Ligand SMILES: *Cc1c(COP(=O)(O)O)cnc(C)c1O
């Protein structure tokens with residue numbers, strides 16, 4: 001039977017599920033994971049923590065993940081406390097909860113594209129109308145145009161992604177401030193998705209610095225990228241405590257398992273070792289930018305752990321397939337003539353660059 005013959009919501013007809021290919025290849029450089037596994041001492045500590053949590057698995061976990069939120073607040077600093085933090089199964093669940101509270105039928109959300117496709121997909125899944133705003137040719141956001149779009153469209157939620165995925169572009173705080181002001185005028189919430197913040201080049205300020213004056217601002221982060229914990233599914237946000245009170249209305253009771261909470265808290269104890277791989281990843285990112293530039297391929301400057309580049313001749317599908325025959329899996333995000341590659345370990349990055357040279 002075809003699922004379309006089932007009585008699914010009319011507004012879901014015609015959508016396609018999120019589908020980054022999960023192919024078993026020697027060089028998986030397509031989903032912006034950290035190429036380094038968790039350090040051995042963290043793995044050992046995780047085993048201990050999970051074993052301890054397992055002794056009380058007959059009980060529901062702490063519904064409010066209070067201890068984890070405190071640890072996350074300590075990590076983010078900026079004067080934040082547990083009351084400013086919220087955590088869920090990946091920042092995707094955090095985003096879904098935000099849309100469930102502030103979006104929904106009859107409401108809308110705007111994002112400035114190209115950007116993270118899940119913002120649109122989660123909006124649609126929560127029956128929130130999606131408005132496609134645009135970035136400039138260099139993938140920055142023009143604040144005057146963003147303000148005009150917000151004032152005209154009057155969305156309930158504004159999504160900003162910085163550093164942006166798939167382009168790697170970080171956003172000036174001035175642009176975020178301008179968007180916040182416009183959003184205030186139409187009583188919209190502003191979500192700044194900082195999934196890649198730890199990879200930003202020195203001097204890139206976080207939107208966390210804007211939280212004290214902006215009760216409508218929500219900054220989302222994840223342990224999936226810099227923290228090398230994509231498999232654990234932990235994402236979080238920082239916002240005014242009132243925002244977290246609002247999220248409690250829609251979160252499922254006990255949404256974050258005791259095992260997940262224990263794993264996340266243990267990882268945060270090893271934050272220095274975990275983030276120790278970030279510089280190595282950034283070095284490979286910068287190497288990709290340099291080498292692609294030397295090959296004559298136009299590249300977008302990146303503050304993330306990936307590089308978005310122009311494919312000579314414009315046939316990104318053909319190049320993607322050719323690289324795959326070399327065991328290198330990168331990402332075609334559906335933008336004609338462009339591909340995105342995640343920075344790997346040094347040998348992985350070398351494999352990508354060598355394969356690319358052969359394919360061109
Ligand atoms: C990878 C990514 C996320 C992370 O999603 P998780 O659910 O936390 O794994 C969030 N936002 C952006 C822009 C991303 O690229």
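Residue numbers (the numbering used here): 1 to 360. We put the CB at the ideal spot given by N, CA and C, even for glycine. Every value quoted in this text rests on a predicted model; they were computed, and no experiment measured them.
heavy atom of ligand 1 below 8 Å from residue i C-beta
i	result
residue 126	no
residue 34	no
residue 120	no
residue 113	no
residue 77	no
residue 260	no
residue 171	no
residue 225	yes
residue 329	no
residue 95	yes
residue 196	yes
residue 342	no
residue 60	no
residue 179	no
residue 285	no
residue 254	no
residue 219	no
residue 139	no
residue 234	yes
residue 90	yes
residue 18	no
residue 230	yes
residue 332	no
residue 11	no
residue 272	no
residue 161	yes
residue 165	yes
residue 3	no
residue 303	no
residue 116	yes
residue 315	no
residue 222	yes
residue 204	no
residue 31	yes
Where the beta strand (DSSP E) containing residue i begins and where it ends
i	result
residue 236	235-239
residue 159	157-161
residue 131	129-134
residue 189	189-193
residue 310	306-310
residue 109	108-113
Chain-order list of residues whose beta-carbon lies under 7 Å from that of residue i (same chain, five-residue window excluded)
i	result
residue 142	136
residue 346	284
residue 208	76, 78, 219, 238
residue 257	61
residue 57	258
residue 50	259, 262, 263
Start-to-end residues for the alpha helix (DSSP H) that takes in residue i
i	result
residue 8	Per DSSP, residue 8 belongs to no alpha helix (DSSP H) and is neither H nor E.
residue 185	173-185
residue 340	From DSSP, residue 340 is part of no alpha helix (DSSP H) but of the beta strand (DSSP E) over 338-342.
residue 146	143-153
residue 94	90-102
residue 221	Taken as a continuous stretch (DSSP letters only), residue 221 belongs to no alpha helix (DSSP H), being part of the beta strand (DSSP E) at 217-222.
residue 352	346-359
residue 52	40-54
residue 122	117-125
residue 318	316-325
residue 288	278-294
residue 267	258-269
residue 74	66-76
Own chain residues within Cβ distance below 6 Å of residue i, not counting five before or after
i	result
residue 122	95, 96, 99
residue 80	73, 238
residue 115	161, 164
residue 353	291
residue 38	228
residue 327	25, 26, 27
residue 173	205
8 Å CB neighbourhood of residue i in its chain, flanking five on each side removed
i	result
residue 314	336, 337
residue 84	73, 211, 238, 239, 240, 241, 244
residue 295	356, 357, 360
Checklist entry - Do three or more CB pairs link the region 101-108 to the region 77-93 at distances below 8 Å? => result no
Item to check | Segment contact flag, the region 19-38 with the region 167-182, C-beta cutoff 8 Å, min 3 pairs | outcome: no
Next on the checklist: Does the structure place the region 200-210 close enough to the region 53-73 that three or more beta carbon pairs sit under 8 Å?
Outcome noted: no
Checklist entry - Using 8 Å as the Cβ pair cut-off and three pairs as the minimum, do the region 232-240 and the region 283-295 touch? => result no
Item to check | the region 120-134 contacting the region 3-17, beta-carbon criterion three pairs below 8 Å | outcome: yes
Item to check | Contact the region 318-327 vs the region 291-303: 3+ CB pairs below 8 Å | outcome: no
Item to check | Cβ contact check for the region 332-347 and the region 304-312: 3 or more pairs under 8 Å | outcome: yes
Next on the checklist: Check whether the region 38-51 and the region 265-274 touch, using three or more Cβ-Cβ pairs below 8 Å as the test.
Outcome noted: yes
Next on the checklist: Count Cβ pairs between the region 226-235 and the region 248-255 that sit closer than 8 Å; are there 3 or more?
Outcome noted: no
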